[in-house]
Amino acid sequence: MNDVVIIATADWDHPIWTNKQHVARSLADLGNRVLYVESLGIRSVQITRSSDWTKIKRRIFRALWPLRQVSPRIWVLSPLVIPGGSDGWSRRLNKLSLRLALALAQAHIGLRQPLLWTFNPLTRRYLNLKMFRSTVYHCVDRIQAQPGMPVELLDLEEKALCQESQVVFTTAPCLQEGLQALNPATYLFGNVADAEHFAQALEPALPRPVDCPSSERPLVMFIGAIDAYKLDMLMLEQLIQATPQWTYLLIGPIAETDSSTEISGLHRLPNVYFIGSRPYRDLPAYLACADVALLPLQINDYTRHMYPMKFFEYLAAGCPVVATAIPSLHDQGDVAWLCDPSCQSFKQSIQEALEGKGAPRQQRLERASMHTYQRRTEAMLECLDFHGLLLPMTGATTHMPNARPLSCQALESLGVSLLVLLIGALRILNQNFLSGALRNAGLKRWSCNTRLLYLAADDAIRSGDMRDARHYMEGLWRENGQVLALHRLLLKPRRGQVVDQLALFETMMNSNVFPLHFTGYCAVVLGDWSIEIKDPDLRDGCLNTLTTVITTLLDDPGTYHCLRPVHENRMQLLVSAQLSRMRLLMAAQFWLELEACGPSLMRSIADYNPALIDPQSASRLTTNAVRCLAMEGLMAWWTNDAQRFLASFSEVHRLVVAADSLSFDSDSLGGQTEAQAFAALMLKQLRGCLWRADLGQQRPGRGQLVGFVLLILNNHLNWKRSDKVQRLLKTLEQTKPA
């Protein structure tokens with residue numbers, strides 16, 4: 000279960016529901032909590048359009064209390080913004096208004112590490128994406144091709160949004176082709192329908208709407224926005240005029256987006272009816288009356304990048320469909336008539352449909368059942384989980400709070416703040432017993448408060464009670480799902496013996512509540528410490544845990560596509576765990592076991608593409624990855640396998656080249672430079688040790704290996720430690736490989 004903030008380009012109660020509302024509802028149906036942020040107004044207001052003024056008045060009214068709950072898991076937020084205000088003072092006002100509204104919703108609902116799911120290409124101009132756990136850009140249309148849109152601004156912002164988002168979803172092949180170059184994690188999920196809702200059209204007892212034309216003539220129907228920028232109005236007029244034997248019913252708002260839409264010619268024709276928008280719940284009743292459903296689209300820049308939802312809604316209602324052959328529908332020709340946008344082509348196709356030709360109804364219904372919101376949303380969530388962007392199924396995902404009145408939250412916040420101040424004062428006075436009793440009383444009153452849980456965990460660690468510390472830290476993880484809070488507790492400077500710190504990490508490592516990236520991190524740190532203190536029991540325990548971590552990550556294909564940041568990235572953990580295990584084996588001089596690590600290491604590195612994971616994590620793991628490969632090179636030297644040594648050298652070379660091509664934010668440039676320098680230095684040392692067995696060359700003497708072995712053990716070439724490395728290599732050389 001996750002919290003999702005949807006930045007929509009449509010208001011929740013718009014009469015024509017689109018992807019935005021359906022995605023919100025399907026996410027909620029799958030157990031997630033959703034905050035739906037209504038349209039921020041991409042284009043400016045057109046003062047001549049009454050619909051714009053209606054929206055403005057409704058938004059001003061809702062600004063009195065912008066948050067409302069529309070279902071058990073969906074809240075709708077209506078921030079007061081200036082439509083089209085993406086520059087200058089209007090942009091600053093919009094940013095402030097949106098952030099205040101989000102803060103209000105956050106406080107009321109208690110959102111935890113929300114995922115941002117945005118349909119608005121201008122999102123970056125209003126929000127800092129780093130406020131959210133991850134960002135998904137869902138591109139459902141080429142908005143730039145709609146009338147009145149700021150095309151250059153949209154192009155620029157959409158490009159930046161794609162690059163900064165972790166994942167991009169698109170609904171049409173042309174959209175995917177255009178955006179994939181900006182983000183390799185760009186996926187095509189075509190538009191779908193609420194098949195269950197529209198299948199009501201098949202119920203015999205469904206009453207006929209009173210405003211649906213009753214005639215013995217066949218009824219041809221279109222449902223949707225009637226706008227000239229996407230509908231072929233001229234062709235439609237010619238078609239209706241040429242077929243007086245058929246009745247046409249057009250349902251939907253007129254000129255909602257394109258004010259140039261002209262229907263006076265259609266109004267003069269006796270066999271066409273316009274009845275405006277109808278509630279979404281009533282649409283199946285209208286489609287039950289249709290003999291044929293139409294999608295009379297133009298072929299232009301907008302429609303080439305669209306995938307009409309109405310197509311599958313028509314199929315789900317059992318209607319024969321006649322549509323313009325736009326690119327996204329090319330694979331649906333077996334269940335519908337796909338035509339050139341010409342009067343003759345549409346007329347002939349409609350006639351064939353009325354004669355009962357084409358795909359049988361059952362085939363249309365089966366196709367619609369394959370394209371539902373629930374199926375698509377499940378697939379999208381699987382994709383996000385594959386990339387590590389959903390909260391793990393432990394801790395916070397299984398425990399989400401209910402929305403509480405702000406007054407209750409304010410009282411709790413005030414009470415806890417006063418309590419924390421009093422506890423701090425008692426600590427200064429060395430009244431530890433009283434401060435502990437007061438803290439426990441606070442936890443009894445507010446058992447889920449993260450500030451009190453953090454204090455309790457810190458106190459337990461200070462007192463050496465690691466079992467209690469784990470209990471409180473597990474509670475903290477359940478409440479906020481933030482691994483950084485756990486890391487702060489682990490790494491906070493404290494007085495005490497090393498054994499207490501080791502006990503803390505060992506206790507956390509064995510938890511069944513914490514996520515793998517945290518318990519695995521604890522195992523890596525413990526492994527490094529066990530080398531320092533030469534504790535064989537601790538070493539063996541770490542080896543067992545690290546082996547389990549490595550096996551789990553190797554079995555997960557999403558490891559190589561993880562887009563989570565540093566400390567939570569699965570690929571970074573895999574490399575760190577492999578290095579820690581190999582270091583433990585090297586320190587213990589378990590040469591056979593170390594040599595056996597090679598095949599799985601090389602497979603994992605070969606499957607790793609730095610461009611497919613979080614770039615900061617890719618930079619951080621480069622140093623550890625080349626160290627692992629250098630140890631694999633050492634094992635190749637030990638077994639006198641020149642090809643194996645060359646393979647490890649080649650992978651180091653690939654990582655060096657890849658590190659140079661990665662892009663980073665300014666905060667990470669220092670770490671990137673250090674990783675690049677270290678990898679280049681390791682590559683240089685390894686290159687000097689290559690040999691060609693096929694040319695009769697002998698492997699290099701152990702003296703030539705000192706450089707890269709030093710880099711395995713240190714971050715730089717510390718030649719003062721050469722003697723230690725020489726002794727290690729002598730021991731290795733004297734040990735016979737299997």
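Numbering that gives the first Met the number 0 applies: residue 0 is where the sequence shown begins, and numbers increase by one. Ideal placement from N, C-alpha and C gives every residue a C-beta, glycine not left out.
Rounded to the nearest angstrom, what separates L578 and V191 at their Cα positions? 46 Å
In angstroms with no decimal places, state the Cα-to-Cα distance between A395 and K491. Low confidence applies to A395: its pLDDT is 48, below 50, so where it sits in the model is not reliable, and the reading given next is rough at best. Roughly 23 Å between the two C-alpha positions.
Just confirm the distance between the C-beta atoms of M581 and C627, as a whole number of angstroms; I'd bet it's less than 8 Å. 6 Å
Please report the Cβ distance between L296 and L230, rounded to the nearest whole angstrom; I am assuming they are in contact, meaning their Cβ atoms lie under 8 Å. 6 Å
If you run the structure through DSSP and keep just helix, strand and coil, what is H137? strand
Option nearest T8 by Cα separation, candidates L515, D140, I239: D140
So what does DSSP say about R67, is it helix, strand or coil? strand
Can the beta-carbon of H470 be found closer than 8 Å to that of H516? no
Looking at P212: is its Cβ nearer than 8 Å to the Cβ of T246? yes
Measure the C-alpha to C-alpha separation of L425 and N431 and round it to an integer number of angstroms. 7 Å
Tell me which residue opens and which closes the beta strand (DSSP E) that W116 is part of. 114-117
Could you give the first and the last residue of the continuous alpha helix (DSSP H) run that contains T730? 721-733
Whose C-beta lies closer than 6 Å to the C-beta of L572 among residues of the same chain, with five residues either side of it excluded? H516, G519
If you reduce the DSSP assignment to three classes, tell me which class M220 lands in. strand
The alpha helix (DSSP H) with R24 in it runs from where to where? 18-28
Of the listed residues A352, F188, L187, Q240, nearest to P217 (C-alpha basis): A352
Backbone CA spacing between I325 and T302 [nearest angstrom]: 7 Å
By the three-class DSSP mapping on this structure, what secondary structure does I108 have? helix
Between the Cα of P283 and those of E261, Q199, I349, K356, spot the shortest distance and give me the residue it belongs to. Q199
Can you give me the start and stop residues for the alpha helix (DSSP H) that D154 sits inside? 150-163
Have a look at H813 and K94 and give me their C-alpha separation to the nearest angstrom. There is simply no residue 813 to check, as the chain begins at 0 and stops at 737 in what is shown.
Secondary structure of T323, DSSP reduced to three states: strand
Do you know whose CA, among Q350, F677, S263, lies nearest Q244's CA? Q350
I need the boundaries of the alpha helix (DSSP H) containing C521, first residue and last residue. 515-532
Sub-8 Å separation of L654 and A676 beta-carbons: no
Tell me, please, which residues DSSP counts as bridged to R32. D2
Assign L740 to one of two classes, buried (16 or more other C-beta atoms within 10 Å of its C-beta) or exposed (fewer than that). Absent from the structure is residue 740, since the part of the chain shown begins at 0 and ends at 737.
From F221 to N1, what distance separates their C-alpha atoms? 37 Å
When burial is assigned at 16 or more other CB atoms within 10 Å of the CB, is G332 buried or exposed? exposed
For G526 and L545, believed in contact at Cβ under 8 Å, the rounded distance: 6 Å
Nearest-angstrom Cβ-Cβ length linking V4 and P113, presumed shorter than 8 Å: 5 Å
What is the DSSP secondary structure of W590, reduced to helix, strand or coil? helix
According to DSSP, which residues form a beta bridge with I73? V33, S70
Reduced DSSP secondary structure (H/G/I, E/B, other) of A358: coil
Helix, strand or coil for T185, going by three-state DSSP, please let me know. strand
In terms of DSSP beta bridges, what is A292 paired with? M220, V320
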